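>
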Amino acid sequence: MLIRMRLPALIALFALSANAASAHPQAAQPSFEVVSVRPSQHQVGPDYNNQISNSPTGFTGQNVTLKRLIAEAWHCQRNQVIGPAWLDRNEYDIAARLPEGASSNQIPLMLRSLLADRFQLKAHTETRQMRGYELTVAPGGPRIHPVKPGDAASGQTGLHFRGDMRQFSDLLAVQISIPPPTSASVPVIADASPAPVLDKTGLEGIYEFSVDLRPEIGTDGFTFWKRVLEDQLGLKLENRKINVDFVVVDEAAKIPTPN
Numbered sequence: 001m002l003i004r005m006r007l008p009a010l011i012a013l014f015a016l017s018a019n020a021a022s023a024h025p026q027a028a029q030p031s032f033e034v035v036s037v038r039p040s041q042h043q044v045g046p047d048y049n050n051q052i053s054n055s056p057t058g059f060t061g062q063n064v065t066l067k068r069l070i071a072e073a074w075h076c077q078r079n080q081v082i083g084p085a086w087l088d089r090n091e092y093d094i095a096a097r098l099p100e101g102a103s104s105n106q107i108p109l110m111l112r113s114l115l116a117d118r119f120q121l122k123a124h125t126e127t128r129q130m131r132g133y134e135l136t137v138a139p140g141g142p143r144i145h146p147v148k149p150g151d152a153a154s155g156q157t158g159l160h161f162r163g164d165m166r167q168f169s170d171l172l173a174v175q176i177s178i179p180p181p182t183s184a185s186v187p188v189i190a191d192a193s194p195a196p197v198l199d200k201t202g203l204e205g206i207y208e209f210s211v212d213l214r215p216e217i218g219t220d221g222f223t224f225w226k227r228v229l230e231d232q233l234g235l236k237l238e239n240r241k242i243n244v245d246f247v248v249v250d251e252a253a254k255i256p257t258p259n
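Structure follows, in structure tokens:
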């Protein structure tokens, strides 16, 4: 059957379709309910800054740099954030409250909204192939288990860690960059920019464990941690060429907009 429609009817039909589409707009990106952002009154430097805490109701950052906030928002390591040097120098204090019913898993997206609103952040991502590390589960399976909600922090000895596997990968990136010790009595510190460690374990949740570290004279960080991870945690570290996502900052304000 051939159906003919006059022009006014066609116009009305298109208008109805447009109204129907506008009635279902894309969901807005989640944002914090209440936010306080201000430059830190007293800067403490790289040895003490970037103190971040997440809770079921909020997010706080004490003397936190913009580079650290961007890394948290994009779930990457700080050396995967590319931009001007001040991003890792200027320090800020942030206190933010989650909307009722929101999940802490939404905090990264809320941070993106905060950075865009308060720091006028504009950024894009790039993927580059480079030498790095992948953290995976060893063939025998992991020897660690996620903590249960409400579990208190334990007082174990050794290098203590509590967090998710992405955060543990961040810690490993720094640890591996520490040069081999030349003496058991002389501490060593990282002297180069850490190579990225990508979490490929597939392990979800928060983990808490301690690692017994016994420095080995002349042993590089990768060899040392590769053995420690397999022997104590049931994890595996591999050195290979990997595709790494970088966040490139195009524009950002040093001073956030007023509260």
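Numbering-wise, our numbering puts 81 at position 81 of the sequence shown, and it's gapless, one number per residue. Virtual Cβ for every residue (Gly too), placed ideally from N, Cα, C. If you're wondering where the values come from, they're calculated on a predicted model, not measured in any experiment.
Less than 7 Å between C-beta atoms, sequence neighbours within five positions excluded: which residues of the same chain meet that for residue 115?
If we look at residue 115 and ignore the five residues flanking it on each side, its Cβ neighbours are 69, 70, 73, 121.
> Under DSSP, the beta strand (DSSP E) around residue 29 begins and ends at which residues?
Here residue 29 belongs to no beta strand (DSSP E), and DSSP marks it neither H nor E.
> Find the nearest neighbour of residue 169 within the set 146, 108, 236, 243, judged by alpha-carbon distance.
Among 146, 108, 236, 243, the Cα nearest to that of residue 169 is on 236.
> Does the beta-carbon distance from residue 91 to residue 65 come in below 8 Å?
Yes, the Cβ-Cβ distance between residue 91 and residue 65 is below 8 Å.
> When you compare only the Cα positions, how much space is there between residue 102 and residue 110?
Going by the C-alpha atoms only, they are around 10 Å apart.
> Expressed to the nearest angstrom, what Euclidean distance is found between the alpha-carbon atoms of residue 35 and residue 229?
Those two C-alpha atoms are separated by around 39 Å.
> Which residue marks the beginning of the alpha helix (DSSP H) containing residue 72, and which one marks its end?
Counting along the chain, the alpha helix (DSSP H) containing residue 72 begins and ends at 66-74.
> If I follow the unbroken beta strand (DSSP E) through residue 53, where does it start and stop?
First-last of the beta strand (DSSP E) with residue 53: 51-54.
> Taking the CB atoms as reference points, tell me whether residue 88 and residue 78 lie closer together than 8 Å.
The answer is yes: Cβ separation under 8 Å.
> How far does the alpha helix (DSSP H) with residue 228 in it extend, from its first residue to its last?
Looking at the DSSP string, the run of the alpha helix (DSSP H) that includes residue 228 is 221-228.
> Count the other C-beta atoms from every protein chain shown that fall within 10 angstroms of the C-beta of residue 22, then say buried if there are 16 or more, exposed otherwise.
Unreliable positioning characterises residue 22 in this predicted model, as indicated by a pLDDT of 43, which lies under 50. The coordinate reading is nonetheless provided below. Exposed, since its Cβ has fewer than 16 Cβ neighbours within 10 Å.
> Any contact between the stretch 160-169 and the stretch 214-221? By contact I mean 3 or more CB pairs, one from each, below 8 Å.
Contact fails: fewer than three Cβ-Cβ distances are below 8 Å.
> Please state whether the Cβ-Cβ distance between residue 158 and residue 210 is less than 8 Å.
Result yes, Cβ atoms of residue 158 and residue 210 sit closer than 8 Å.
> For the stretch 97-144, which segments carrying the alpha helix (DSSP H) assignment without a break, of at least 4 residues, lie completely within its bounds, in sequence order?
Correct list: 107-119.
> How about residue 132 and residue 203: are their beta carbons less than 8 Å apart?
No.
> Report buried or exposed for residue 213, applying the criterion of at least 16 other Cβ atoms within 10 angstroms of its Cβ.
Exposed, since its Cβ has fewer than 16 Cβ neighbours within 10 Å.
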